[in-house]
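Please read the structure below before turning to the comments.
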Amino acid sequence: MRNFNFDTVSHNGDSTTAAAPYPYLDTVLLHSFLPTGRETLEAWRAMELFVPHRIRQLGICNVSLTQLHALCNSVRIKPAVVQNRFYQKSNYDCDVREFCRENNIRYQAYWVLKKNHHLLDSDLVQELVRERGVSREAALFFLIQRGLGVAILDGTTSVEHMRGNIADLEKLTSWAAETTNGERLAWLGREFERSLGDMEFLQGQ
44 MRNFNFDTVS HNGDSTTAAA PYPYLDTVLL HSFLPTGRET LEAWRAMELF VPHRIRQLGI
104 CNVSLTQLHA LCNSVRIKPA VVQNRFYQKS NYDCDVREFC RENNIRYQAY WVLKKNHHLL
164 DSDLVQELVR ERGVSREAAL FFLIQRGLGV AILDGTTSVE HMRGNIADLE KLTSWAAETT
224 NGERLAWLGR EFERSLGDME FLQGQ
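Spelled out as structure tokens, the structure:
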């Protein structure tokens, strides 16, 4: 998309080409807000011209709650996906995640490992590592996914690491599917979310 020309889109982006058997993109993301709100809306409305036939859904990255509110209130096609950094400095995007839950927007987290070494050493992560025989990384991914309802963007460039993460997550998912573990999972989710709030509180002392 590097050479994407919005002027061309504005003139030629006719969604009536729906019936043609063209390839399509599942999701197109705006990397961030542009320098002005007007430019951001121009870019978004240009992308809207391709939905739903060439593009199935739109998303936004690196967005604050104020920006996300403004975007949703100003466009015809609301973002289906938000991709943001997940780290302590932003209070783990608690307000943005809550807005996404309330508005059926899929929240996807990145920087999960890069900026969260302290979480890898947390009691809950270590507990899962010992109990289920999985890596720290997979245990953290699982707690974020199941406890917070957040999708993880795994940034590894190693095929070996990716396969290991997937295998461990499948092991944890199978364990979670056992009906006898429902209460335990609910407790883990509550404790993990609470621990994020505690960490933010401690950071401010």
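Residue numbers (the numbering used here): 44 to 248. Note that the Cβ used here is the ideal one computed from N, Cα and C, for glycine as well.
Query - Inter-residue Cα distance where the pair is Asn134 and Ser201 - result: Counted from its first residue, the sequence shown places residue 134 at position 91. Counted from its first residue, the sequence shown places residue 201 at position 158. Approximately 29 Å, taken between the alpha carbons.
Query - The beta strand (DSSP E) enclosing Arg149, as first and last residue numbers - result: Reading the sequence shown from its first residue, position 106 is the one you call residue 149. Per DSSP, Arg149 belongs to the beta strand (DSSP E) from 149 to 153.
Query - Cα-Cα separation, Asp166 to Arg179 - result: What you label residue 166 is simply residue 123 of the sequence shown in a count that begins at 1. What you label residue 179 is simply residue 136 of the sequence shown in a count that begins at 1. Using only the alpha carbons, I get a separation of about 11 Å.
Query raised in the report: Under a three-way DSSP split, which group does Ile249 fall into?
Result: Shown here, the chain extends from 44 to 248; a query on residue 249 therefore has no answer.
Query raised in the report: Taking just the CA atoms, how far does Lys132 sit from Ile103?
Result: Looking up residue 103 in the sequence shown gives position 60. Looking up residue 132 in the sequence shown gives position 89. About 20 Å.
Query raised in the report: Grouping DSSP H, G and I as helix and E and B as strand, with all else coil, what is Asp164?
Result: Within the sequence shown, numbered from 1, the residue matching residue 164 stands at position 121. Three-state DSSP puts Asp164 in coil, outside helix and strand.
Report task. Would you check if there are 3 or more beta carbon pairs closer than 8 Å linking the stretch 170 to 185 to the stretch 107 to 115? Result -> By the criterion of at least three beta-carbon pairs nearer than 8 Å, the stretch 170 to 185 is not in contact with the stretch 107 to 115.
Query raised in the report: Can you check whether the CB of Leu186 is closer than 8 Å to the CB of Phe235?
Result: Locating residue 235 in the sequence shown gives position 192, where the first residue counts as 1. Locating residue 186 in the sequence shown gives position 143, where the first residue counts as 1. Yes. Within cutoff.
Query raised in the report: Taking the continuous alpha helix (DSSP H) assigned at Ile209, which residues delimit it?
Result: Residue 209 sits at position 166 when you count from the first residue of the sequence shown. Counting along the chain, the alpha helix (DSSP H) containing Ile209 begins and ends at 202 to 220.
**Report entry** Local conformation of Thr70 per DSSP, three classes
**Finding:** For the purposes of this step, residue 70 is taken as the residue at position 27 of the sequence shown. Secondary structure of Thr70 (DSSP, three-state): strand.
Query raised in the report: Does Tyr67 come within less than 8 Å of chain C when only Cβ atoms are used?
Result: Judged by its chain identifiers, the structure shown contains no chain C, having just a single protein chain.
Report task. Kindly indicate which three-state DSSP category Glu125 falls into: helix, strand or coil? Result -> Residue numbering aside, residue 125 sits at position 82 when the sequence shown is read from its first letter. Note on residue identity: the sequence assigns Val, not Glu, to residue 125. Val125: strand per DSSP, three-state reduction.
Query raised in the report: Once you ignore the five residues that flank Leu68 on each side, which residues in its own chain have a CB closer than 6 Å to its CB?
Result: Start at 1 with the first residue of the sequence shown, and residue 68 comes out as number 25. Once the five neighbours on either side are set aside, the close Cβ partners of Leu68 are Ile98.
Requested in this report: Below 7 Å CB to CB, which residues in the same chain sit around Ser117 once its five sequence neighbours on both sides are set aside?
Outcome: Start at 1 with the first residue of the sequence shown, and residue 117 comes out as number 74. Contacts found: Leu84.
Query raised in the report: In whole angstroms, what is the alpha-carbon distance linking Ala62 and Pro95?
Result: For the purposes of this step, residue 62 is taken as residue 19 along the sequence shown, with counting starting at 1. For the purposes of this step, residue 95 is taken as residue 52 along the sequence shown, with counting starting at 1. Residue confidence for Ala62 is low, a pLDDT of 48 falling below 50, so the modelled location carries little weight and cannot support an answer.
**Report entry** Close-in-space but distant-in-sequence residues of the same chain around Ala210 (CB under 6 Å, 5 per side omitted)
**Finding:** As a first step, residue 210 must be located in the sequence shown, where it is residue number 167. Same-chain partners within the cutoff: there are none.
Query raised in the report: Name the DSSP beta bridge partners of Leu101, please?
Result: Within the sequence shown, numbered from 1, the residue matching residue 101 stands at position 58. Paired residues: Val71.
Query raised in the report: With Ile148 and Ala123 assumed to form a contact (beta carbons below 8 Å), what rounded beta-carbon distance in angstroms separates them?
Result: Position 105 of the sequence shown, counting from 1, holds the residue named residue 148. Position 80 of the sequence shown, counting from 1, holds the residue named residue 123. Confirmed, Cβ separation roughly 6 Å.
**Report entry** 8 Å contact criterion, which Ala86 and Leu73 should meet: CB distance rounded
**Finding:** Within the sequence shown, the letter at position 43 stands for residue 86. Within the sequence shown, the letter at position 30 stands for residue 73. Contact between Ala86 and Leu73 holds: CB atoms are separated by about 6 Å, below the 8 Å threshold.
Requested in this report: Output the boundary residues of the alpha helix (DSSP H) element that contains Thr83.
Outcome: Counted from its first residue, the sequence shown places residue 83 at position 40. That run of the alpha helix (DSSP H) goes 80 to 91.
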